[in-house]
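The sequence shown: position 58 = 58 (UniProt numbering), numbered continuously. A virtual CB, placed ideally from N, CA and C, is assigned to each residue, including glycine. Only one structure is covered here, and it is reproduced in the block below.
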Amino acid sequence: MQLNSTNLVFVLSLIIGSIMSISASSWFGVWMGLEINLLSFIPLIMSKPNVLSTDSSIKYFIIQALASSTLLLFITLNHFPLFPTSFINQALSSAILLKMGAGPFFFWFPEVMEGLSWLNSFTLLTWQKLAPFMVISYCLSLTTFSMIIIILSITSGALGGLNQTSTRKIMAFSSINHMGWMLMAISLSDSLWMIYFMIYSIINLILIWSFYFFNLNMISQLFNYGAHYNLVKLLIMINLLSLGGLPPFMGFFPKWMILQSMLQLNLMILSMVMLIMSIITVFFYLRLAFSSFLISSSTSSFMMASNPATPLHSKWEMSLTVYFTLTMSIMGLSLTSWSIYLYL
């Protein structure tokens, strides 16, 4: 996506739509803001028209239109005493969960991600989640319904990413998994969710910048870099492991905080399920790391000859990316050490 004057207008509309939804005093204002956000994001997806982006924009529009229609229907029914309040809240939550792509409404999310540019992918993974999460905090509390949604999101995100080779789909399923953690966080505390969302966004920014910088659309492209580019592989894998929540990286810190809050509420079984699913996500990230580092040099040379990697950019840009990643990892180690000292 090139940020020309036309796209800049749509970016501003995208931001305004989200702010309208967050600051709205009525459900109708929330719906209007989400619609402005939707109608601004579609042209950004189509800024570089091709088969994949067209397919993604159509899928995204259909799903969002369905979710918006459902949301508007139950906003209207909320003014009539036809259904219990709990049912209306669950229906409104389901419509917003469909908009976000959380479990069990995640079916569209990886397919849409596959056709987006990296900048649009980052927008879908982060900014497009902001308004729905703020809105869902109005009607979602720690009930059986929310626990089922959290388990479905975390489980589908962890298991769905096991056999993926596309970097975009891996990021999509990772996002579905993290949505479960963020739903848990927002059910416990708004401030806890804000910390999680900020750290999640930073890690995604580093990863997506790395994928864009090295033109990595498939994980197998990591094999194209020989031993000379082990630093590139290390850069990607540190961020993937941080995204998976492996200590002592930065991504572990918000999960540690959520688990501490859950244990204080005696949510032992749910904590165990979330931990097991996190271990699965770390497993497929580690599998990718071992595959990229342990591949033989002869195979790597053959793959480079048959499918050469895109040339690297300037050396200082690569160094900046590496140093930024290492800084974030050190910060994660510091936060983790501080939290262990604080709670133990």
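Cross-strand partners of residue i (DSSP beta bridge)
i: residue 166; result: 218
Residue i: first and last residue of the uninterrupted alpha helix (DSSP H) it sits in
i: residue 254; result: 252-264
i: residue 249; result: Looking at the DSSP string, residue 249 is not in any alpha helix (DSSP H), and its letter there is neither H nor E.
i: residue 157; result: 144-160
i: residue 200; result: 190-213
C-beta atoms of residue i and residue j nearer than 8 Å
i: residue 203; j: residue 250; result: yes
i: residue 34; j: residue 131; result: yes
i: residue 118; j: residue 211; result: yes
i: residue 185; j: residue 153; result: no
i: residue 100; j: residue 168; result: no
i: residue 244; j: residue 282; result: yes
i: residue 171; j: residue 133; result: no
i: residue 156; j: residue 218; result: no
i: residue 53; j: residue 63; result: no
i: residue 31; j: residue 92; result: no
i: residue 135; j: residue 96; result: yes
i: residue 261; j: residue 191; result: no
i: residue 239; j: residue 288; result: no
i: residue 263; j: residue 147; result: no
i: residue 98; j: residue 67; result: yes
i: residue 139; j: residue 89; result: yes
i: residue 18; j: residue 127; result: yes
i: residue 125; j: residue 69; result: no
i: residue 276; j: residue 159; result: no
i: residue 162; j: residue 290; result: no
i: residue 16; j: residue 36; result: yes
i: residue 48; j: residue 111; result: no
i: residue 222; j: residue 216; result: yes
i: residue 199; j: residue 180; result: no
Near the ligand GTP: residue i beta-carbon under 7 Å from a heavy atom
i: residue 169; result: Here there are no bound small molecules, and the ligand GTP is not part of this structure.
Count Cβ pairs between the region 138-156 and the region 63-76 that sit closer than 8 Å; are there 3 or more? no
Along the chain, which unbroken stretches of the beta strand (DSSP E) at least 3 residues long are found entirely within the region 77-130? none
Which residue spans inside the region 21-47 form an unbroken beta strand (DSSP E) run of at least 3? none
Should the region 35-45 be called in touch with the region 9-20, which here means at least 3 C-beta pairs below 8 Å? yes
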